[in-house]
Amino acid sequence: MQLNAPLDMHLHLRDGEMLHNIAHASATTFSGGLIMPNLVPPIQTKEAVIAYKNRILDAIGNEDFTPYMTLFFLPTYDKAFLSSMKAYITAIKLYPAGITTNSEGGVSGFDVETLRPTLEAMSQLDIPLCIHGETNGFVMDREAEFATIYERLATAFPKLKIIMEHITTKTSVALLDAYDNLYATITLHHLLITLDDVAGGMLQPHLFCKPIAKRPEDREALLKVALEAHPKVMFGSDSAPHPKDAKEACGCAAGVFTAPIALQVLTALFEKHHALNNLQAFVSTNAQNIYGITPIPKIVTLEKKNFTVPQTYNGVVPMYAGETLSYSIQGVSS
Ligand code: NCD
Ligand code: ZN
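Position in the sequence shown (from 1) plus 15 gives the number in the working numbering.
This is the structure we're talking about:
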């Protein structure tokens with residue numbers, strides 16, 4: 016099985032020591048990734064984007080990997096600023112205030128008129144808007160409650176490309192076909208687990224993430240559009256590393272670290288569902304079409320050979336730590 020230029024369109028690479036510890040896990044097998052801006056402080060200026068991109072390039076060394084950069088959304092960005100940013104970023108990421116890791120400076124309330132100047136400018140400049148779509152309601156309902164906000168924004172800005180990030184519900188899946196300008200990323204873990212896997216038996220902190228995994232029928236709806244490589248969905252791992260002691264703690268940080276196992280597990284999953292022919296579109300071609308990007312060629316060959324997942328990668332526990340997967344990475348060439 017070969018994949019050409021796999022792309023991870025929702026990736027947390029962090030900064031400092033963590034960046035150096037985990038960047039290789041993505042850069043060795045992916046051709047590029049859309050880098051989330053939820054650092055402390057968030058990435059909100061041209062200087063910050065350029066400096067962060069350089070730190071990422073430094074951390075990945077000689078690997079052929081493109082960090083597609085994002086800005087942390089502020090409703091105060093004006094058209095002149097955004098126009099000057101267009102060459103440096105691939106998208107802008109909007110977080111509701113306080114909804115997830117390092118999102119305190121996000122948006123409160125989704126008043127269209129307040130957001131209009133920035134969103135109108137993004138629409139005119141063709142800069143996609145990526146949204147973490149959750150309200151601050153009951154945890155299982157947060158994403159479904161956000162659907163009306165997606166609908167309002169999609170209607171008010173029909174030319175703005177809006178990417179519903181890491182969707183977890185059948186409600187969000189239904190929006191894809193209802194609005195021309197709504198797209199979505201889907202993670203690996205939300206194709207595999209439900210809330211039962213997180214909290215149905217002994218609590219599994221390494222599967223705890225935002226948005227929380229939902230019900231079996233939600234997972235089925237996500238699987239359907241991923242396996243058919245619906246042209247409006249893309250793979251975005253939301254691989255979100257936290258140190259082991261921040262996960263195995265009272266007050267566990269949200270995030271699942273999947274970068275080192277993502278392609279092996281996706282291949283096994285698509286094979287199981289007789290959908291291997293659609294994997295290339297799900298992990299690369301759809302994202303190329305949606306974002307209008309041309310990634311660095313990178314051929315990743317996967318073979319059906321057992322691979323035992325290490326317990327930790329530089330102090331971070333990956334999904335399926337210690338378990339044996341049925342596919343391995345055989346080689347990577349350009
Ligand atoms: C992410 C993180 O740790 O940065 N956590 C997560 O549970 N997914 C933030 C996010 O994408 O919500
Ligand atoms: Zn994320």
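All C-beta atoms in this analysis are idealised placements derived from N, C-alpha and C, irrespective of residue type, glycine included.
With 16 other Cβ atoms within 10 Å as the buried cut-off, status of residue i
i: Tyr-83; result: buried
i: Glu-180; result: buried
i: Ile-305; result: buried
i: Phe-250; result: buried
i: Ala-241; result: buried
i: Phe-172; result: buried
i: Ile-146; result: buried
i: Val-127; result: exposed
i: Asp-233; result: buried
i: His-289; result: exposed
i: Leu-23; result: First, the residue type needs correcting, since residue 23 is Asp and not Leu in the sequence shown. So Asp-23 counts as buried.
i: Ile-65; result: exposed
Proximity to residue i [Cα-Cα], best of the options
i: Thr-282; options: His-257, Leu-317, Pro-275, Val-271; result: Leu-317
i: Ile-142; options: Pro-111, Lys-176, Val-280; result: Lys-176
i: Lys-229; options: Leu-97, Pro-132, Lys-185; result: Lys-185
i: Thr-200; options: Gly-148, Pro-132, Thr-129, Lys-313; result: Gly-148
i: Tyr-67; options: Thr-116, Leu-97, Leu-86; result: Leu-86
i: Val-332; options: Met-16, Ile-37, Leu-278; result: Ile-37
i: Gly-359; options: Lys-287, Leu-284, Leu-242, Ser-252; result: With the chain running from 16 to 349 in the structure shown, residue 359 is simply not present.
i: Glu-338; options: Val-280, Asn-292, Ile-314, Val-122; result: Val-280
i: Leu-130; options: Asp-93, Tyr-103, Met-155, Glu-232; result: Asp-93
i: Ile-104; options: Gln-326, Met-51, Ser-348; result: Met-51
i: Phe-223; options: Leu-191, Val-188, Cys-265; result: Cys-265
i: Glu-235; options: Lys-262, Thr-273, Ala-189; result: Ala-189
i: His-27; options: Val-248, Pro-310, Thr-202; result: Thr-202
i: Ile-314; options: Gln-345, Ile-308, Lys-174, Ser-138; result: Gln-345
Residue i Cβ short of 7 angstroms to the ligand ZN heavy atom set
i: Phe-253; result: It is worth fixing the name first, because residue 253 is Asp in this sequence and not Phe. It does: the Cβ of Asp-253 is within 7 angstroms (strictly closer) of some heavy atom of the ligand ZN.
i: His-25; result: yes
i: Met-33; result: no
i: Met-16; result: no
i: His-289; result: no
i: Met-137; result: no
i: His-205; result: no
i: His-181; result: yes
i: Met-249; result: no
i: Met-51; result: yes
Residue i: CB within 7 angstroms of a non-hydrogen atom of the ligand NCD
i: Thr-115; result: yes
i: Ala-269; result: yes
i: His-221; result: no
i: His-39; result: no
i: His-13; result: This structure does not reach residue 13, given that the chain is present from 16 up to 349, and the question cannot be answered.
i: Cys-224; result: yes
Any C-beta of chain B under 8 angstroms from that of residue i
i: Ala-63; result: The question asks about chain B, but that chain is absent: this structure has only one protein chain.
Item to check | alpha helix (DSSP H) runs wholly inside the segment 234 to 305, at least 4 long, in chain order | outcome: 259 to 262, 277 to 287
Checklist entry - Fully enclosed by the segment 180 to 231, which beta strand (DSSP E) runs are 3 residues long or longer? => result 197 to 201
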